[in-house]
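Report on one structure; see the data block that follows.
Protein chains: 2
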Amino acid sequence: MNHPMNYKISDKFVGMKPSAIREIFKSLGTPGAISFSGGNPAPDSFPVKEFAAISAEILEKNPVAALQYSVTEGYPKLRELVADRLKTHFNIGAADDTTIITTGGQQAIELTCKVLCNEGDVVIAENPSFIGALNAFRSCGAKLVGVELEDDGISLEGLEAALKANPNTKMIYLIPTFQNPGGITTSLEKRKAVYELARKYDTLIFEDNPYGELRFAGEEVPTIKSMDTDGRVIYGGSFSKVLSAGMRIGFLCANEALVAKIVVAKQVEDVHTNIFFQMICAEYLSRYDMDTHIEEIRALYRHKAQLMLSCLEKELPSCVKFTKPEGGIFLWCTLPDGLDMNAFVKAAVAEKVFVVPGTAFNCDQDAPSQSFRLNYSMPSDDDIVKGTAILGRIIKDMLAKA
Amino acid sequence: MNHPMNYKISDKFVGMKPSAIREIFKSLGTPGAISFSGGNPAPDSFPVKEFAAISAEILEKNPVAALQYSVTEGYPKLRELVADRLKTHFNIGAADDTTIITTGGQQAIELTCKVLCNEGDVVIAENPSFIGALNAFRSCGAKLVGVELEDDGISLEGLEAALKANPNTKMIYLIPTFQNPGGITTSLEKRKAVYELARKYDTLIFEDNPYGELRFAGEEVPTIKSMDTDGRVIYGGSFSKVLSAGMRIGFLCANEALVAKIVVAKQVEDVHTNIFFQMICAEYLSRYDMDTHIEEIRALYRHKAQLMLSCLEKELPSCVKFTKPEGGIFLWCTLPDGLDMNAFVKAAVAEKVFVVPGTAFNCDQDAPSQSFRLNYSMPSDDDIVKGTAILGRIIKDMLAKA
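These protein sequence lines are chains A and B, in that order. The end of the first sequence is residue 402 by the numbering used here, with every number in the run present. The end of the second sequence is residue 1402 by the numbering used here, with every number in the run present.
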């Protein structure tokens, strides 16, 4: 180069790092690798034949609509079907709420933060929480305040203290059902209490519910959005875990006044979401029995979760704690004090078993963690058995040397 | 509502309005409407049969890869094919450049601005320019400085004055080939001079080239990126105008150090672009003759542009000026002083002929305009004939009353 450039990156991005998970994702090509690190749905869960039939038909009968520019808010038929499903399955949708289609659930989170937060405004999140959301908040210049995640959801004392200490809180970001990474479900009592705290301190709630349909044990708990009489809750969802992750179709339901701004923000990001796949989703929802399809995924994940839990019970020393999720795709393991979590993760990688270090999910990127996240939806049964045995052996070796 | 919300929108979005074009787009369902307002490719230009064959094959042979999460940078085979095409067709791609896939060309623009600009940093653009880009810059909190667009490209005197006056200029945004909305192509001399000015004032250039393959008259002009020895030019392109707009696949080629940050920004926006359509694009580029396909689109647009130009010559009074594009999909008409452009656009809408008022493309949203944009790629021949006759009649009526 004649004149090597020194790029002046914006303050918000100069310190941003790629997601640890996305980076681990790239190593998965290694032959013999066992991955418990992704957030991928089971490959068996994609309705391939149905998608093939629908896409052939769309390209035969309605190709121009499927390949031409479309509206930012999303394919009208899909918006309607999603809104109906939210109403019937989750009791969501006030008269002045509206539902739009986003490029994955990720975009719904990022757009909402962007239209609400000025630099330095606060977003409160469960600690630990979903790295994609935390990074989105960071990219908007928001200040993250983490509140401890307890076995039945966010700490109410911690949440109230955070709200009191940060009057510029723009929203509370929560994954109340089958939390990522914790695998924890917030109790009904806590959901009600969180909503009341949001009212008391006049802030918004982003309820992220990408796993909500994937319950395989226990009782359904109403969404926070279903309790929303104020237009205070923005609800984000996704087809990534129930139809296809690669198609990038998510949705957002919130008060229409707020959504109008979110639509403007979406317009400048990507104009609209791939319309062909919006049409595929709409046709799938109209023609096939989504509930039966989801029931099959639930059965598959019930099996995989039970297998992983029984392997962990067998392989891990009892000083290692882990959550017992009633749905979703993750569980969360915590090593005893004195064992070095990062050394453990490195040792696992050396044996080609990939897990995500708990530090990746911390609101404070410099904070330590004793935990790591395991995914059970993606690995084969065989890999679950083999991989957990390797993890158990590594921990036992570390304990022996400690 | 118990407690109506007063949403506190971020400073960047509180004043943002939906794109005039996207809003006009919604009215196009009106029966009998003639639209010269969109930026839509001709419906005939989509390779429907080829896409149908490829998508059936992908869903038969490789469905999991097509429906599962993928990497943020894009489908490796598509990145390679795009990089090859940029090299062979545009002489683009230094050893330390890299090419990534984005969710339409729009996302490439928005991501680049986001990783470069702090609030108040300056982006210089041709005035008028593409509304989607201008709104993206606004949404990042950048300050827009418009420089007059002359018949052979941006005013060099204006550009140097703007660079001198704004030392915090982060980039110059240009559409040098078949500009939107002007339909103007920047001369080779001006491209070289712009690059030298960028060097002199040490700033970056975003060269947006969504229409570059659509030349139907005149001689090819080298891209600015092909002259880039510094890593100073970020090149954005798109398949929207040559394969399908609705699939939302664009790309960006720039120095790898800068692209690394852009990838982080993309990760938090949408994780990755629809992978199924990235695979379709890659297969299309591998199996079919893209050049022949594009030659057909060029022939179609040559015909449509000539038809519109001959109609305008016939229907419009000679006091109305319009550009004569050598490619792309737009031309730009300017009313004589004394005629009210907004009144003209409203009168046209009342007769169901949609054009975009020139004010929409101004860097300064409060500045007036005597111009309007016409699109010729989307309307049928019949609509071009009928619509231009209506526009001509309205202008003659207005002149008669003036």
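Quick reminder that beta carbons are idealized off the backbone N, C-alpha and C, glycines included.
(request) For chain B, find out if any of its Cβ atoms is closer than 8 Å to the Cβ of valine 259 of chain A; answer yes or no. (result) The count along the first sequence starts at 1 and reaches residue 259 of chain A at position 259. Not an interface residue.
(message) Whole angstroms are fine: how far does the CA of asparagine 62 of chain A sit from the CA of asparagine 6 of chain A?
(response) Here residue 6 of chain A refers to the residue found at position 6 when the first sequence is read from its first residue. Here residue 62 of chain A refers to the residue found at position 62 when the first sequence is read from its first residue. Roughly 49 Å between the two C-alpha positions.
(message) Is there a C-beta anywhere in chain A that falls below 8 Å from the one on threonine 1103 of chain B?
(response) Within the second sequence, the letter at position 103 stands for residue 1103 of chain B. Closer than 8 Å to some Cβ of chain A, the Cβ of threonine 1103 of chain B qualifies, so yes.
(request) Tell me whether lysine 1314 of chain B sits in a helix, a strand or coil according to DSSP, three-state version. (result) For the purposes of this step, residue 1314 of chain B is taken as the residue at position 314 of the second sequence. Helix, per DSSP.
(request) Could you tell me which chain A residues have their CB closer than 9 Å to the CB of methionine 1005 of chain B, listed as they occur along the chain? (result) Counted from its first residue, the second sequence places residue 1005 of chain B at position 5. Near methionine 1005 of chain B (Cβ distances below 9 Å), the residues of chain A are Asp202, Leu204, Asp230, Gly231, Arg232, Asn255, Ala257 and Leu258.
(request) Grab the span of the alpha helix (DSSP H) containing aspartate 383 of chain A for me, first residue to last. (result) Along the first sequence, read from residue 1 onward, the residue named residue 383 of chain A stands at position 383. Per DSSP, aspartate 383 of chain A belongs to the alpha helix (DSSP H) from 381–401.
(message) What ranges does the beta strand (DSSP E) occupy inside the region 1168–1242 of chain B, keeping only unbroken runs of at least 3 residues that lie completely in it?
(response) Counting only runs of 3 or more, we get 1169–1174, 1204–1208 and 1233–1238.
(request) Could you run through the region 65–77 of chain A and flag, in chain order, every residue whose CB is less than 7 Å away from some CB of chain B? (result) For chain B, the residues of the region 65–77 of chain A that bring a beta carbon within less than 7 Å of one of its beta carbons are Ala66, Leu67, Gln68, Tyr69, Ser70, Val71 and Thr72, in chain order.
(request) Examine chain A for any beta-carbon lying closer than 8 Å to the beta-carbon of asparagine 1118 of chain B, and answer yes or no. (result) The count along the second sequence starts at 1 and reaches residue 1118 of chain B at position 118. Chain A contact via Cβ: present.
(message) Can you look up glutamate 150 of chain A in the DSSP assignment and give me helix, strand or coil?
(response) For the purposes of this step, residue 150 of chain A is identified with residue 150 of the first sequence, where counting begins at 1. The three-state reading of DSSP puts glutamate 150 of chain A in strand, counting E and B together.
(request) Tell me whether lysine 1321 of chain B sits in a helix, a strand or coil according to DSSP, three-state version. (result) Here residue 1321 of chain B refers to the residue found at position 321 when the second sequence is read from its first residue. Per DSSP, reduced to three states, the secondary structure at lysine 1321 of chain B is strand.
(message) Please tell me whether phenylalanine 1013 of chain B has its Cβ less than 8 Å away from any Cβ of chain A.
(response) For this step, residue 1013 of chain B is matched to residue 13 along the second sequence. Under the 8 Å criterion on CB atoms, phenylalanine 1013 of chain B is classed as interfacial with respect to chain A.
(message) Can you confirm whether glutamine 1267 of chain B, when its beta carbon is compared against all beta carbons of chain A, has any partner nearer than 8 Å?
(response) Residue numbering aside, residue 1267 of chain B sits at position 267 when the second sequence is read from its first letter. It does; some Cβ of chain A falls within 8 Å.
(message) Check whether chain B comes within 8 Å of valine 147 of chain A, counting only Cβ atoms and requiring the distance to be less than that.
(response) Position 147 of the first sequence holds residue 147 of chain A. Closer than 8 Å: no.
(request) Identify the contact partners of aspartate 383 of chain A in chain B, using a Cβ-Cβ distance below 9 Å as the criterion. (result) Against the first sequence, residue 383 of chain A aligns to sequence position 383. The contact set of aspartate 383 of chain A on chain B, defined by CB atoms closer than 9 Å, is empty, because the minimum CB distance reaches about 16 Å.
(request) Mind listing the chain A neighbours of alanine 1056 of chain B? Cutoff is C-beta to C-beta under 9 Å, in chain order. (result) Numbered from 1 along the second sequence, position 56 holds the residue referred to as residue 1056 of chain B. The contacting residues are Ala52, Ser55, Ala56 and Leu59.
(request) Have a look at aspartate 1383 of chain B and lysine 1321 of chain B and give me their C-alpha separation to the nearest angstrom. (result) Against the second sequence, residue 1383 of chain B aligns to sequence position 383. Against the second sequence, residue 1321 of chain B aligns to sequence position 321. The straight-line gap from Cα to Cα measures roughly 21 Å.
(request) Name the one or two DSSP bridge partners that valine 1355 of chain B has. (result) Position 355 of the second sequence, counted from the first residue, corresponds to residue 1355 of chain B. Per DSSP, none; premise fails for valine 1355 of chain B.
(message) Suppose you measure from the CA of isoleucine 92 of chain A to the CA of glutamate 295 of chain A; what does that come to, to the nearest Å?
(response) For the purposes of this step, residue 92 of chain A is taken as residue 92 along the first sequence, with counting starting at 1. For the purposes of this step, residue 295 of chain A is taken as residue 295 along the first sequence, with counting starting at 1. C-alpha separation (whole angstroms): 21 Å.
(message) Runs of 3 residues minimum, wholly inside the region 1242–1302 of chain B: which ones carry the beta strand (DSSP E) assignment?
(response) Counting whole runs of 3 or more residues, the region 1242–1302 of chain B contains the beta strand (DSSP E) stretches 1250–1255.
(request) Specify the secondary structure class of isoleucine 1109 of chain B as computed by DSSP and reduced to three states. (result) Indexing the second sequence from 1 puts residue 1109 of chain B at position 109. Collapsing the DSSP output to three states places isoleucine 1109 of chain B in a helix.
(message) Is it buried or exposed, alanine 161 of chain A, if we count other Cβ atoms within 10 angstroms and call 16 or more buried?
(response) As a working mapping, residue 161 of chain A is identified with position 161 in the first sequence. Classification for alanine 161 of chain A: exposed.
(message) For a cutoff of 8 Å on Cβ pairs, would you count aspartate 208 of chain A as touching chain B?
(response) Residue 208 of chain A sits at position 208 when you count from the first residue of the first sequence. Interface flag for aspartate 208 of chain A against chain B is unset, since no Cβ pair is found closer than 8 Å.
(request) Spatial neighbours of leucine 188 of chain A within its chain, please: CB distance less than 7 Å, with the 5 preceding and 5 following residues excluded, ordered by chain position. (result) Reading the first sequence from its first residue, position 188 is the one you call residue 188 of chain A. If you ignore the 5 residues before and after leucine 188 of chain A, its C-beta comes within less than 7 Å of the C-beta of Val221 and Pro222, all in its own chain and listed in chain order.
(message) Only counting the same chain, and skipping five residues up and downstream in sequence, which positions put a Cβ closer than 6 Å to that of glycine 1250 of chain B?
(response) The residue you call residue 1250 of chain B lines up with position 250 of the second sequence. Hits under 6 Å: Thr1102, Gly1104, Gly1105, Ala1108 and Ser1238.
(message) Measuring straight from C-alpha to C-alpha, what distance separates leucine 1116 of chain B and serine 10 of chain A?
(response) If you number the second sequence from 1, residue 1116 of chain B lands on position 116. If you number the first sequence from 1, residue 10 of chain A lands on position 10. In a straight line, the C-alpha of leucine 1116 of chain B is about 5 Å away from that of serine 10 of chain A.
(message) For methionine 1428 of chain B, would you say it is in contact with chain A, using Cβ-to-Cβ distances shorter than 8 Å as the test?
(response) The structure shown does not extend to residue 1428 of chain B, since chain B is modelled only from 1001 through 1402, so no value can be given for it.
(request) Identify every residue that forms a DSSP beta bridge with lysine 164 of chain A. (result) The count along the first sequence starts at 1 and reaches residue 164 of chain A at position 164. Beta-bridge pairing links lysine 164 of chain A to no other residue.
(message) If distances are taken between C-alpha atoms only, which option among B:Ile1100, B:Lys1143, B:Met1227 and B:Ile1280 comes closest to alanine 1257 of chain B?
(response) Position 257 of the second sequence, counted from the first residue, corresponds to residue 1257 of chain B. When C-alpha distances from alanine 1257 of chain B are compared across B:Ile1100, B:Lys1143, B:Met1227 and B:Ile1280, the shortest belongs to B:Ile1100.
(message) If we define contact as Cβ-Cβ less than 8 Å, is aspartate 1270 of chain B a contact residue for chain A?
(response) As a first step, residue 1270 of chain B is located in the second sequence; it is residue number 270 there, counting from the start. Residue-level contact by beta carbon holds for aspartate 1270 of chain B and chain A, with a gap shorter than 8 Å.
(message) Check this for me: beta carbons of methionine 1341 of chain B and proline 1357 of chain B, under 8 Å apart or not?
(response) Counting from one through the second sequence, the residue named residue 1341 of chain B turns up at place 341. Counting from one through the second sequence, the residue named residue 1357 of chain B turns up at place 357. Yes, the Cβ-Cβ distance between methionine 1341 of chain B and proline 1357 of chain B is below 8 Å.
(request) Measuring alpha carbon to alpha carbon, tell me which of B:Val1123, B:Gly1218, B:Met1308 and B:Ile1394 ends up nearest phenylalanine 1036 of chain B. (result) Numbered from its first residue, the second sequence carries residue 1036 of chain B at position 36. Closest in alpha carbon position to phenylalanine 1036 of chain B, among B:Val1123, B:Gly1218, B:Met1308 and B:Ile1394, is B:Met1308.
(request) List the residues of chain A whose Cβ lies closer than 9 Å to the Cβ of serine 1377 of chain B, in chain order. (result) Here residue 1377 of chain B refers to the residue found at position 377 when the second sequence is read from its first residue. Within chain A, no residue comes near serine 1377 of chain B; the closest Cβ sits about 11 Å away, beyond 9 Å.
(message) Could you check whether the region 1392–1401 of chain B touches the region 1172–1185 of chain B, counting it as contact only if at least three pairs of C-beta atoms, one from each stretch, sit closer than 8 Å?
(response) Between the region 1392–1401 of chain B and the region 1172–1185 of chain B, the count of Cβ pairs shorter than 8 Å is below three; the stretches do not touch.
(request) Using the Cα positions of valine 1385 of chain B and proline 1210 of chain B, report the straight-line distance between them to the nearest angstrom. (result) For this step, residue 1385 of chain B is matched to residue 385 along the second sequence. For this step, residue 1210 of chain B is matched to residue 210 along the second sequence. Distance between the alpha carbons of valine 1385 of chain B and proline 1210 of chain B is about 27 Å.
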